[in-house]
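Protein sequences appear in the order of chains A and B.
Per the numbering used here, the first sequence starts with residue 1, numbered consecutively.
Per the numbering used here, the second sequence starts with residue 269, numbered consecutively.
One structure is given below, encoded as structure tokens.
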Amino acid sequence: MIVPIALLLAGSQPMSSPFDDPPLKSVQLTPLTRGYEPGKLLTLAVKITLKSGWHTYWINPGDSGMPPKLNWTLPTGWRVKSVVWPAPHRITADGIVSFGYEDEVLAKAELMTSTNPLEEAKIGLELSALVCQQQCLPASTSAVVTISATESPQVDGEEVKALEAVHYPQPLKSSTPINVQWGKEALLSFSYENSSATQFEFYPSAAGVLNHEKTVTKTTHSGTQWGLHLAISSYLDSKPKRLTGVLVPLDDKGKRMDVSFLIDAPIK
Amino acid sequence: MTLISTMAIAASTLVGVAVVASQDPNMPTDTSDMKAQINHHAPDFTLKDMKGVDQSLGQYKGKWVVLEWNNKDCPIVQRHYNSGNMQELQDWAVKKGVVWLTICSSASGKQGYVDASGAMASTEDVKWKGTAYLLDPEGKVGKMYDAKTTPEMFVINPDGMLIYMGAIDDKPNAGTNEVKNSRNYVREALDLAMAGKPLKMKVSQPYGCNVKY
């Protein structure tokens with residue numbers, strides 16, 4: 001049965017902050033389609049808005065901070081397939097390097113829906129995060145959206161455009177195997193053909209693997225073959241089996257290019 | 269007179285920090301430039317505690333020592349104090365003869381900074397159960413130990429060797445009610461090391477607020 005499409009974006013409810021003007025302003029959930037197809041993936045934009053000048057953290061927060069915690073409330077039979085974050089930025093405070101986002105971040109969530117068509121599927125998200133400027137505050141906020149089952153969901157062009165503008169990390173199409181040699185440093189080798197890149201940033205997705213303060217110590221290349229020397233964390237207990245993270249190419253002015261790549265490579 | 273001893277005399281007139289040479293012949297003579305490293309001698313230091321008493325690491329040779337970096341206003345620190353987790357751990361350790369030194373490296377004017385009376389008030393407020401609360405507003409000892417977050421924990425054995433450094437536990441984003449269900453690395457390190465067993469976890473990435481140097 002095709003039911004009327006009802007879409008309700010509820011305002012988020014900032015909680016647990018002593019501030020009248022809380023630094024974690026809101027989280028908004030916006031489906032990319034009007035209606036969802038039962039049993040198929042549903043993509044939502046998750047927009048976190050902070051007060052200007054405040055920052056929050058990536059899944060690996062770096063040398064301080066806390067990863068965001070997302071508690072979803074989903075209809076029976078639904079599950080979260082993935083939450084994809086944009087490449088983080090390096091944020092230095094009191095000489096300590098963290099990985100995160102200033103002012104706002106737009107993440108992308110993919111939910112696997114159940115085959116049971118719902119007239120009003122209610123999706124709830126509670127976000128708990130540490131937000132910092134000169135000081136750090138715990139904050140939480142929530143959002144609820146309802147969406148209806150339909151046989152042919154219509155795409156919300158504005159939201160799709162907003163997510164396309166983010167340039168989420170993509171798998172790197174390297175013509176040579178991506179691998180990591182482990183010694184005093186880690187040497188990440190890959191090929192990359194965009195001639196505008198002169199150096200790279202690397203963000204390890206797990207804490208305690210690489211040195212966050214000075215991650216890339218040296219970059220070498222010969223033609224399109226690149227080697228990144230990565231400093232190993234003093235908190236590393238034993239050699240990991242794989243290195244995962246996000247690679248961000250920089251142009252000749254040191255500016256981030258509009259792409260980033262997911263790295264998941266075996267360590268030799 | 270060496271620079272170090274001059275510094276020690278100059279600093280001894282201040283409520284604050286004095287980084288001094290160790291008097292122990294088994295320890296390096298000048299540890300002021302040393303950085304803490306796992307399985308190495310923990311660098312010695314002397315700081316005033318909140319009661320105005322000099323506290324040096326060297327004076328506790330022969331004892332187990334825990335260093336806890338603190339910022340009373342950091343929400344992650346508050347999670348461990350509001351849940352009673354930190355005080356319980358302090359109480360448990362101190363009763364086993366462990367010396368528990370809580371250190372505040374927040375600079376004056378920054379989050380968590382306390383002077384002696386502020387430290388007295390805040391420790392009373394949370395029913396802190398450590399051995400001494402040390403004031404490091406210049407961040408010298410914090411930087412010597414490369415402390416990056418609050419909380420951040422170090423465990424030193426009776427030989428003065430640093431045997432654990434890093435996070436308090438394995439749950440960076442636990443809620444206050446979940447804290448006690450975490451794997452507490454400090455309790456585990458003390459339990460194993462005091463029983464003469466090898467540690468399962470010697471280092472871990474600390475988490476929390478950045479130290480407000």
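In this text, a Cβ means the ideal position worked out from N, Cα and C, and glycines have one as well.
Computed from a prediction, not measured in an experiment: that's the story for all the values here.
Check your understanding: Under a CB-based cut-off of 8 Å, is ILE96(A) close to chain B?
Key -> Position 96 of the first sequence holds residue 96(A). At least one chain B Cβ lies under 8 Å of ILE96(A).
Review point. Are the beta-carbon atoms of LEU50(A) and VAL131(A) separated by less than 8 Å?
Key: Reading the first sequence from its first residue, position 50 is the one you call residue 50(A). Reading the first sequence from its first residue, position 131 is the one you call residue 131(A). The answer is yes: Cβ separation under 8 Å.
**Study point:** Proximity winner among LEU41(A), HIS55(A), GLU102(A), TYR192(A), relative to LEU172(A) (alpha-carbon distances)
**Key:** Position 172 of the first sequence, counted from the start, is the residue given in the question as residue 172(A). Looking at the Cα atoms, TYR192(A) is the closest of the given residues.
**Study point:** Cβ-Cβ distance between LEU125(A) and TRP85(A) below 8 Å
**Key:** In the first sequence, the residue the question calls residue 125(A) occupies position 125. In the first sequence, the residue the question calls residue 85(A) occupies position 85. Against a cut-off of 8 Å, the Cβ pair of TRP85(A) and LEU125(A) comes out as no contact.
Check your understanding: DSSP state of GLN327(B), grouped into three classes?
Key -> Position 59 of the second sequence, counting from 1, holds the residue named residue 327(B). It is helical.
**Study point:** Amino acids of chain B, ordered along the chain, whose beta-carbon sits closer than 9 Å to that of GLN134(A)
**Key:** In the first sequence, residue 134(A) corresponds to position 134, counting from 1. Neighbours of GLN134(A) on chain B, chain order: LYS378, GLN379, LYS480.
Point to revise | alpha helix (DSSP H) runs wholly inside the stretch 396-435 of chain B, at least 4 long, in chain order | key: 408-412
Exercise for review: Closer than 6 Å by C-beta to GLN327(B): which residues in its own chain qualify, once you throw out the five before and the five after it? Chain order, please.
Suggested key: As a position in the second sequence, residue 327(B) is number 59, starting the count at 1. There are no such residues.
Review point. Looking at the C-beta of LEU61(A), does it have a partner C-beta in chain B at a distance below 8 Å?
Key: For the purposes of this step, residue 61(A) is taken as the residue at position 61 of the first sequence. The amino acid at residue 61(A) is misidentified as Leu; the sequence shows Pro. Closer than 8 Å to some Cβ of chain B, the Cβ of PRO61(A) qualifies, so yes.
Point to revise | Beta-bridge pairing of ALA107(A) - partner residues as DSSP gives them | key: One-based indexing of the first sequence puts residue 107(A) at position 107. For ALA107(A), which the question treats as bridged, DSSP gives the partners VAL46(A).
**Study point:** DSSP state of VAL447(B) mapped onto helix, strand, coil
**Key:** Position 179 of the second sequence, counted from the start, is the residue given in the question as residue 447(B). Helix, per DSSP.
Point to revise | Any C-beta of chain B under 8 Å from that of ASN107(A) | key: Position 107 of the first sequence, counted from the first residue, corresponds to residue 107(A). What sits at residue 107(A) in the sequence shown is Ala, not Asn. No, no contact with chain B.
Practice item. Identify the contact partners of ASP237(A) in chain B, using a Cβ-Cβ distance below 8 Å as the criterion. Key: Residue numbering aside, residue 237(A) sits at position 237 when the first sequence is read from its first letter. Within 8 Å Cβ-Cβ: MET469, LYS470, VAL471, SER472.
**Study point:** Beta-carbon gap between LEU230(A) and GLY208(A) smaller than 8 Å
**Key:** As a working note, residue 230(A) is residue 230 in the first sequence. As a working note, residue 208(A) is residue 208 in the first sequence. Result no, Cβ atoms of LEU230(A) and GLY208(A) do not sit closer than 8 Å.
Point to revise | Cα-Cα separation, ALA139(A) to LEU127(A) | key: Within the first sequence, the letter at position 139 stands for residue 139(A). Within the first sequence, the letter at position 127 stands for residue 127(A). Each residue's alpha carbon lies about 8 Å from the other.
Practice item. Tell me where the beta strand (DSSP E) around VAL84(A) begins and ends. Key: Here residue 84(A) is taken as the residue at index 84 of the first sequence, counted from 1. Where VAL84(A) is concerned, the enclosing beta strand (DSSP E) stretches over 79-84.
Review point. Given that a residue counts as buried once 16 or more other Cβ atoms are within 10 Å of its Cβ, and exposed if not, what is SER233(A)?
Key: Here residue 233(A) corresponds to residue number 233 of the first sequence, with the count starting at 1. Buried, since its Cβ has 16 or more Cβ neighbours within 10 Å.
Practice item. Determine the closest residue to LYS408(B) out of VAL394(B), GLY428(B), SER373(B), with distance taken between C-alpha atoms. Key: Here residue 408(B) is taken as the residue at index 140 of the second sequence, counted from 1. Of VAL394(B), GLY428(B), SER373(B), the residue nearest in Cα terms is SER373(B).
Check your understanding: If we ignore side chains and look at the alpha-carbon of each, how far apart do HIS89(A) and MET469(B) end up?
Key -> Position 89 of the first sequence, counting from 1, holds the residue named residue 89(A). Position 201 of the second sequence, counting from 1, holds the residue named residue 469(B). Those two C-alpha atoms are separated by around 30 Å.
Practice item. Taking C-beta pairs closer than 7 Å, name the residues in chain A that GLY476(B) reaches, listed in chain order. Key: Counted from its first residue, the second sequence places residue 476(B) at position 208. The contacting residues are SER64.
Point to revise | Cα-Cα separation between LYS253(A) and ASN194(A), rounded to whole angstroms | key: Residue mapping note: residue 253(A) aligns to position 253 of the first sequence, counting from 1. Residue mapping note: residue 194(A) aligns to position 194 of the first sequence, counting from 1. Rounded to whole angstroms, LYS253(A) to ASN194(A) spans 15 Å at the Cα level.
Check your understanding: Given that LYS253(A) touches chain B, what residues does it touch there, using C-beta distances under 8 Å?
Key -> Residue mapping note: residue 253(A) aligns to position 253 of the first sequence, counting from 1. Those do not exist, as LYS253(A) stays about 29 Å from chain B at its closest Cβ, beyond 8 Å.
Practice item. Identify every run of the beta strand (DSSP E) within the stretch 313-383 of chain B, keeping only runs that are complete inside it and at least 3 residues long; order them along the chain. Key: 314-316, 322-324, 333-337, 367-372
**Study point:** Delimiting residues of the alpha helix (DSSP H) encompassing ALA231(A)
**Key:** The residue you call residue 231(A) lines up with position 231 of the first sequence. ALA231(A) -> not in any alpha helix (DSSP H); beta strand (DSSP E) instead, spanning 225-231.
Point to revise | Cβ shell of GLU420(B) (< 6 Å), same chain only, five flanking positions each side left out | key: Numbered from 1 along the second sequence, position 152 holds the residue referred to as residue 420(B). Answer for GLU420(B): TRP337, PRO474, listed in chain order.
Check your understanding: Do you know offhand how far ALA107(A)'s Cα is from PRO67(A)'s?
Key -> Taking the first residue of the first sequence as 1, we reach residue 107(A) at position 107. Taking the first residue of the first sequence as 1, we reach residue 67(A) at position 67. Each residue's alpha carbon lies about 14 Å from the other.
Check your understanding: Does DSSP put TYR36(A) in a helix, a strand or coil?
Key -> Taking the first sequence and counting its residues from 1, one reaches residue 36(A) at position 36. The answer is strand: DSSP assigns TYR36(A) an E or B state.
Practice item. Name, please, each residue of chain A whose Cβ falls closer than 7 Å to the Cβ of LYS408(B). Key: As a working mapping, residue 408(B) is identified with position 140 in the second sequence. Under the 7 Å cutoff, chain A gives no residues; its nearest Cβ is about 14 Å from LYS408(B).
Practice item. With distances taken Cα to Cα, identify the nearest neighbour of VAL180(A) among HIS212(A), GLN199(A), VAL160(A), TRP226(A). Key: Sequence index remark: in the first sequence, residue 180(A) carries index 180 (1-based). Nearest of HIS212(A), GLN199(A), VAL160(A), TRP226(A) to VAL180(A), Cα basis: TRP226(A).
Practice item. Can you pull the chain B residues whose beta carbon is under 8 Å from the beta carbon of LYS218(A), in chain order? Key: One-based indexing of the first sequence puts residue 218(A) at position 218. Chain B residues near LYS218(A): none, gap ~22 Å exceeds 8 Å.
Check your understanding: Which residues of chain B have a Cβ atom closer than 8 Å to the Cβ of LYS241(A), listed in chain order?
Key -> Counted from its first residue, the first sequence places residue 241(A) at position 241. The contacting residues do not exist; LYS241(A) stays about 18 Å from chain B at best.
**Study point:** Closer than 7 Å at the beta carbon, the chain B residues around GLY208(A)
**Key:** In the first sequence, the residue the question calls residue 208(A) occupies position 208. SER472, GLN473, listed in chain order.
Review point. Would a check of beta-carbon distances place SER233(A) closer than 8 Å to chain B?
Key: Counting from one through the first sequence, the residue named residue 233(A) turns up at place 233. SER233(A) counts as touching chain B.
**Study point:** At least 3 beta-carbon pairs within less than 8 Å: the stretch 417-434 of chain B vs the stretch 392-408 of chain B
**Key:** no
Review point. Do TYR481(B) and ALA375(B) have their C-beta atoms closer together than 8 Å?
Key: Here the question's residue 481(B) lines up with position 213 in the second sequence. Here the question's residue 375(B) lines up with position 107 in the second sequence. Taking 8 Å as the Cβ cut-off, TYR481(B) and ALA375(B) qualify as a contacting pair.
Practice item. Express the C-alpha separation of LYS340(B) and SER290(B) in angstroms, rounding to a whole number. Key: The sequence position of residue 290(B) within the second sequence is 22, counting from 1. The sequence position of residue 340(B) within the second sequence is 72, counting from 1. Its pLDDT being 40, under 50, SER290(B) is placed unreliably in this model, and the value from its coordinates should be taken loosely. Approximately 30 Å between the Cα atoms of the pair.
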